[in-house]
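Student: If you're matching positions, the sequence shown starts at 10 in the numbering used here and goes up one per residue. Structure incoming, see below.
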Amino acid sequence: MLRSDKLKAPPDQRPGAVYQITCTCGALYIGETGNSVSHRFTEHLRSLTRYRNAEARHMGLDVRTRGRPQTLEPTSAMQKALDSSAVAEHAVACQKTATDLSISVLHRELHYKRREIIEALYIRHNRTINKDAGHTVSEAWVTLTAAHMCLHANPTEKHHLTAVSIADGLSPDDYTREPTGHPPFP
Numbered sequence: 010m011l012r013s014d015k016l017k018a019p020p021d022q023r024p025g026a027v028y029q030i031t032c033t034c035g036a037l038y039i040g041e042t043g044n045s046v047s048h049r050f051t052e053h054l055r056s057l058t059r060y061r062n063a064e065a066r067h068m069g070l071d072v073r074t075r076g077r078p079q080t081l082e083p084t085s086a087m088q089k090a091l092d093s094s095a096v097a098e099h100a101v102a103c104q105k106t107a108t109d110l111s112i113s114v115l116h117r118e119l120h121y122k123r124r125e126i127i128e129a130l131y132i133r134h135n136r137t138i139n140k141d142a143g144h145t146v147s148e149a150w151v152t153l154t155a156a157h158m159c160l161h162a163n164p165t166e167k168h169h170l171t172a173v174s175i176a177d178g179l180s181p182d183d184y185t186r187e188p189t190g191h192p193p194f195p
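This is the structure in structure tokens:
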């Protein structure tokens, strides 16, 4: 017997995706998560908030937060926040706030190793602010995917902070998209 009353999770609450975070300045971060994309985006924003709160404490401002009082020195807390997220590091350097960042899904994949490889290929084919290149991928795959132009993220598309653009896999448009104007290897 099949159930028809089961509720489907909203697209941004489904686990397992390769995603991109775009800044209003055009900077692009590509990552992967086994959690929901909205949960991972919140983690990046939390690092930015931790940095801003530590910065305010460093300047002598009174910052009230819930929970236990901060035990780290403000400069150590600021560095720890920057080390935990390339997105937070960019937002601080670019003087941006959380509202200047948006997220979208590039590819859905539940299998961890496949997700890591897909993320690495997207990183290799796009100019990003990522701190590392991700999983090591054979040059044969890099050449093959470069020839098909199927892994270029489009940072000029408009995304909203609360809305998540969903693409389950690659669409035919991904194979015909014009080059983004930058070399495939950052």
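Beta carbons: idealized from backbone N, C-alpha and C, even for Gly.
#1: Could you pull out every residue in the same chain whose Cβ sits closer than 6 Å to the Cβ of A142, ignoring the five residues on either side in sequence?
#2: Return the CA-CA distance between Q29 and P19, expressed in angstroms with no decimal places.
#3: Use the C-beta contact count for L119: other C-beta atoms within 10 angstroms, 16 or more gives buried, fewer gives exposed.
#4: So, helix, strand or coil for P24, using DSSP?
#5: Are at least three pairs of beta-carbons, each pair with one atom in the region 91-104 and one in the region 46-65, less than 8 Å apart?
#6: Pairing CB atoms from the region 22-38 with CB atoms from the region 108-128, are three or more of them under 8 Å?
#7: Quickly, what does DSSP pair T31 with across the bridge? List them, please.
#8: Going by DSSP, what residue range makes up the alpha helix (DSSP H) through E128?
#9: Just how far apart, CA to CA, sit K122 and A100?
#10: Under three-state DSSP, which class holds R66?
#11: Can you tell me whether E82 is buried or exposed? The criterion is at least 16 other CB atoms within 10 Å of its CB, across all chains shown.
#12: Count the C-beta pairs between the region 63-75 and the region 38-55 that are closer than 8 Å, then say yes if the count reaches three, no if not.
#13: Helix, strand or coil: which one does DSSP assign to P83?
#14: List the endpoints of the continuous alpha helix (DSSP H) containing A100.
#15: Can you tell me the Cα-Cα spacing of V96 and K15, whole angstroms?
#16: Helix, strand or coil for R117? Go by DSSP, reduced to three states.
#17: When DSSP builds the beta bridges, which residues end up paired with T42?
Tutor: The relevant details are as follows:
#1: Along the sequence shown, read from residue 1 onward, the residue named residue 142 stands at position 133. The residues are I132.
#2: On the sequence shown, position 20 is the one that residue 29 refers to. On the sequence shown, position 10 is the one that residue 19 refers to. If I take the Cα positions, the gap works out to 18 Å.
#3: Here residue 119 refers to the residue found at position 110 when the sequence shown is read from its first residue. Exposed.
#4: Counting from one through the sequence shown, the residue named residue 24 turns up at place 15. Note: P24 maps to strand in three-state DSSP.
#5: yes
#6: yes
#7: Counted from its first residue, the sequence shown places residue 31 at position 22. L37, S111, per the DSSP bridge assignment.
#8: On the sequence shown, position 119 is the one that residue 128 refers to. Unbroken alpha helix (DSSP H) run through E128: 121-133.
#9: The residue given as residue 122 occupies position 113 in the sequence shown. The residue given as residue 100 occupies position 91 in the sequence shown. Near 29 Å, if we compare the C-alpha coordinates of A100 and K122.
#10: Working through the sequence shown from its first residue, we reach residue 66 at position 57. The answer is helix: DSSP assigns R66 an H, G or I state.
#11: Numbered from 1 along the sequence shown, position 73 holds the residue referred to as residue 82. It counts as exposed.
#12: no
#13: Along the sequence shown, read from residue 1 onward, the residue named residue 83 stands at position 74. Of the three classes helix, strand and coil, the one that applies to P83 here is helix, per DSSP.
#14: Counted from its first residue, the sequence shown places residue 100 at position 91. Per DSSP, A100 belongs to the alpha helix (DSSP H) from 95-102.
#15: Walking along the sequence shown from the start, residue 96 turns up at place 87. Walking along the sequence shown from the start, residue 15 turns up at place 6. So the two alpha carbons sit approximately 36 Å from each other.
#16: Taking the first residue of the sequence shown as position 1, residue 117 is located at position 108. Strand.
#17: Residue mapping note: residue 42 aligns to position 33 of the sequence shown, counting from 1. Per DSSP, A26.
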